[in-house]
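Numbering (the working numbering), first residue to last: 1 to 553. The beta carbon of each residue, even a glycine, is placed where N, CA and C say it ideally should be.
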């Protein structure tokens, strides 16, 4: 037991900064999670408010218990989907397994520790979705201490069975295929599948909520008792139904009976996991850290092509793009999102009944100069925020890691290196904003003059967010990391740049609306203010930024 706890702690410390012993890193990690909690707070409130409305509607027909069934079921689905990726990351793509195997550890201790670490990551997801609904349900139903005690039990035990299923599926996949050998490509493909799956599920939920948004319609749907989604899912995740029944029948013998069955199922599933994993995991993980590469015959054409000289800035620029596209973590977090923003922002609106007509009506308002000014200000703000959210420039130095000294030794000026790194971020952001603009043109059909203005102001916004991210990362780079994920996802510079860009975007829109600025005034305001800011920031990059780069070790 002591070895299990010690190993679990070591795995947590090596995988997440809030658990590290380094005081500075621990404070930064805790601060990062506090910022994320603040960012996700509106989502928590929205989920809680929606569940309150649904509870009131279903209480009238005495079916409020269906909330728990549906909530637990969706939680299991989320755990299953994310669980597969977490299992692959913790069990297979971490670099600790080769160090653990020679140690005097029982195989079950290694498996149980890795499973526990994965389970802790699932708890973070549950905090976002499950907790607000349980709290609202408890308040609405007048639940006492027993309810909240049972809720805590469900919170900690509900993810176990779907995570066991995810673990076994992942282990079978890795045991009997060689897909893990191409782990870089596998990470990218699996993440894209996850994004598509989550987005598809979101579209389905949006359709349901759009077509059944009133309490009366929700009552009519549930009173029919023929919701195929709930029937199928509760059959697959029988633990979700039994857990809900134990809470619905709180205080009765049925509660204890269902709770006993539920806990027994959970324990048995975990023991079954330990049994199956011993035969699947260790045989599938051996030699996994050896990647498969394709060998090409070196021909004179390839040699000539590879030795063609190019400008220093272009060489660094191409090197940055190759790094972003070839490294799975960078591709997923920095590149892929640039192509998804039009889908995430505009597509959910378009699929709603009458949504396209509502979007088209916006073009009728653009004949008004003030409305056009607001539209330009909003598009400018979107370009700033999209640039900040791709994390490219705000992690440009951090991504160098311990190889930052390479920037000092190559015969290329710091100015050219900074410009090349910033250009890679500007290019990706330009692609994202251009896609947004194309979709907007198709749906809204604005005048040509507005399109030209939107291109102009968005360019200023992209440059602004790219320069702020670059300057922040020059002063506070995260150079100490053992995997690429920490350089991006656990980098406070990305959060700081996001907040800064959100503030400037919000202030811009506020001023435009507050003073009822007309279109020409909005354009002049943005061009003068952010043109000046872009110039000042570039000057700072070429002076203070270069000096700061010289100091890095």
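- Residues 406, 407, 477, 479 of the same chain have their beta carbon placed closer than 8 Å to that of residue 400, with the five preceding and five following residues left out of the count.
- If you draw a straight line from the Cα of residue 389 to the Cα of residue 161, it comes to about 34 Å.
- Burial check for residue 506: the Cβ neighbour count within 10 Å stays below 16, so the residue is exposed.
- In the pairwise beta carbon analysis, the segment 420-430 is classified as not touching the segment 368-377: fewer than three pairs are separated by under 8 Å.
- Secondary structure at residue 474: helix, using DSSP grouped into helix, strand and coil.
- A direct Cα-to-Cα measurement between residue 469 and residue 319 gives close to 19 Å.
- Under the 8 Å Cβ criterion, the segment 58-77 counts as touching the segment 126-138, having at least three qualifying pairs.
- CA-to-CA, the gap between residue 167 and residue 332 works out to about 23 Å.
- In this chain, the alpha helix (DSSP H) harbouring residue 73 covers 65-87.
- DSSP, reduced to helix, strand and coil, places residue 385 within a helical segment of the structure shown.
- The straight-line gap separating the alpha-carbon atoms of residue 449 and residue 519 is approximately 11 Å.
- Within the model, the alpha-carbon separation for residue 93 versus residue 395 is close to 22 Å.
- Sorting 444, 495, 463 by C-alpha distance to the C-alpha of residue 428 places 463 at the top.
- Taking residue 241 as reference, the option from 259, 111, 267, 500 with the minimal CA-CA separation is 259.
- The straight-line gap separating the alpha-carbon atoms of residue 147 and residue 550 is approximately 60 Å.
- With at least 16 other beta carbons inside 10 angstroms of its own, residue 381 counts as buried.
- In this structure the segment 53-62 does not touch the segment 101-110; the number of beta carbon pairs closer than 8 Å is below three.
- Taking residue 420 as the centre and dropping the five residues before and after it, the same chain places the C-beta of 313, 316, 317, 320 closer than 7 Å to its C-beta, in chain order.
- Across the set 142, 80, 154, the C-alpha of 80 shows the shortest separation from the C-alpha of residue 169.
- Under the three-state reduction of DSSP output, residue 326 falls in the helix class.
- Of the residues assessed, residue 510 falls on the exposed side of the cut-off, its CB having fewer than 16 other CB atoms within 10 angstroms.
- DSSP places residue 144 outside both helix and strand once states are collapsed to three, so it counts as coil.
- Between the segment 429-444 and the segment 480-492 there are fewer than three C-beta pairs closer than 8 Å, too few to call the two in contact.
- If the five residues before and after residue 8 are omitted, its C-beta is found closer than 7 Å to the C-beta atoms of 113, 116, 117, all from its own chain and listed in chain order.
- Cβ atoms of residue 385 and residue 501 come within 8 Å of each other, at about 6 Å.
- Residue burial annotation: residue 329 is buried, with at least 16 other C-beta atoms found within 10 angstroms of its C-beta.
- Spatial neighbours of residue 487 in its own chain (CB-CB distance under 7 Å, excluding positions within 5 residues in sequence) are listed in chain order as 395, 398, 399, 401, 478, 481.
- Residue environment for residue 121: buried (at least 16 other C-beta atoms within 10 angstroms of its C-beta).
- With respect to residue 78, residue 129 sits close: the two C-beta atoms are nearer than 8 Å.
- Straight-line measurement puts the Cα of residue 532 at about 46 Å from the Cα of residue 123.
- Within a 10 Å sphere around the beta-carbon of residue 156 sit fewer than 16 other beta-carbons, which makes this residue exposed.
- DSSP places residue 60 in the coil class of the three-state scheme, outside both helix and strand.
- Counting along the chain, the unbroken alpha helix (DSSP H) around residue 524 starts and ends at 519-540.
- Annotation for residue 150: 247 place their beta carbon closer than 6 Å to its own, counting only its chain and skipping 5 residues before and after.
- Spatial neighbours of residue 475 in its own chain (CB-CB distance under 6 Å, excluding positions within 5 residues in sequence) are listed in chain order as 548.
- Short of 7 Å from the beta carbon of residue 327, and not among the five residues preceding or following it, lie these beta carbons of its own chain, in chain order: 484.
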